[in-house]
Amino acid sequence: EVNYLNSFYLDDLDKMLKQSSLSQPFGQALSTYLGASIIHDKRIDILKNHEIMGKLVCAANLPIARWPNAPDRPLVLAQQAVVAHIENSLKNQDGILGVNGPPGTGKTTLLCDVIATVITDRAKRISALSTPEAIFKQPIRLMGRRFSPIVEELVRDSSIVVSSNNNNAVKNISQELPAT
Numbered sequence: 176e177v178n179y180l181n182s183f184y185l186d187d188l189d190k191m192l193k194q195s196s197l198s199q200p201f202g203q204a205l206s207t208y209l210g211a212s213i214i215h216d217k218r219i220d221i222l223k224n225h226e227i228m229g230k231l232v233c234a235a236n237l238p239i240a241r242w243p244n245a246p247d248r249p250l251v252l253a254q255q256a257v258v259a260h261i262e263n264s265l266k267n268q269d270g271i272l273g274v275n276g277p278p279g280t281g282k283t284t285l286l287c288d289v290i291a292t293v294i295t296d297r298a299k300r301i302s303a304l305s306t307p308e309a310i311f312k313q314p315i316r317l318m319g320r321r322f323s324p325i326v327e328e329l330v331r332d333s334s335i336v337v338s339s340n341n342n343n344a345v346k347n348i349s350q351e352l353p354a355t
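Numbering (the working numbering) for the sequence shown: 176 to 355.
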């Protein structure tokens, strides 16, 4: 039985309730997530709809990067389709996408490929700069130390939040990413 009184969601839920009671807007991604109703007629099973599957895995939708992994262990077709869908759905816009599946079905593996694409997109932005110093803003002092913050435009649209109500799933991802 889940003990909701000790849930780590309570602080976030409390903050959302206060924000809502003060009529303060949520961010776009959260508003979309909370306000969007699922239109069951629009849901697509890509394993049954070969036309949609074909569009998602065609050469034009291949990601520009792949997580460094054994070359003889590529993503399976459904994983490739999910990676393409995530990239196409969130390109140049905020949003929330959920990836669900039973343990051992490759969610972490496909997430690594999504992250590889995000890293590559960020690297392309950085490589277009005229000098390496252009990555940073003017130095600032914080608590007696000097820092050079990164220019926001270089990292905007390249943040990923991994969330789960299963601590083991988050633990797997946080351990696997730095290890590879």
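For each residue, glycine too, the CB sits at the ideal point set by N, CA and C.
Scanning Pro-314, Asn-236, Glu-308 for the CA closest to the CA of Gln-255 turns up Asn-236. Counted as a single uninterrupted DSSP element, the alpha helix (DSSP H) harbouring Leu-285 occupies residues 282 to 302. Judged by pairs of C-beta atoms under 8 Å, the stretch 239 to 258 touches the stretch 224 to 231, as three or more such pairs exist. The beta carbon of Gly-281 sits closer than 8 Å to those of Leu-250, Val-251, Gln-254, all from its chain and outside the five residues before and after it, given in chain order. In terms of Cα proximity to Ile-301, the closest of Ile-315, Leu-329, Pro-200, Lys-266 is Leu-329.
Residue Phe-322 holds the alpha-carbon nearest to the alpha-carbon of Gln-313 among Phe-322, Asn-244, Ala-240, Leu-209.
Going by beta carbons, Ala-240 and Thr-295 fall inside the 7 Å limit. For Ile-261 against Val-289, the beta-carbon gap comes to about 5 Å, under 8 Å, which counts as contact. DSSP places Ile-221 in no alpha helix (DSSP H); its state is neither H nor E. When only Cα atoms are considered, Ala-204 and Leu-265 end up about 11 Å apart. Val-336 counts as exposed, since fewer than 16 other C-beta atoms from the protein chains shown sit within 10 angstroms of its C-beta. Counting along the chain, the unbroken alpha helix (DSSP H) around Ile-261 starts and ends at 252 to 265.
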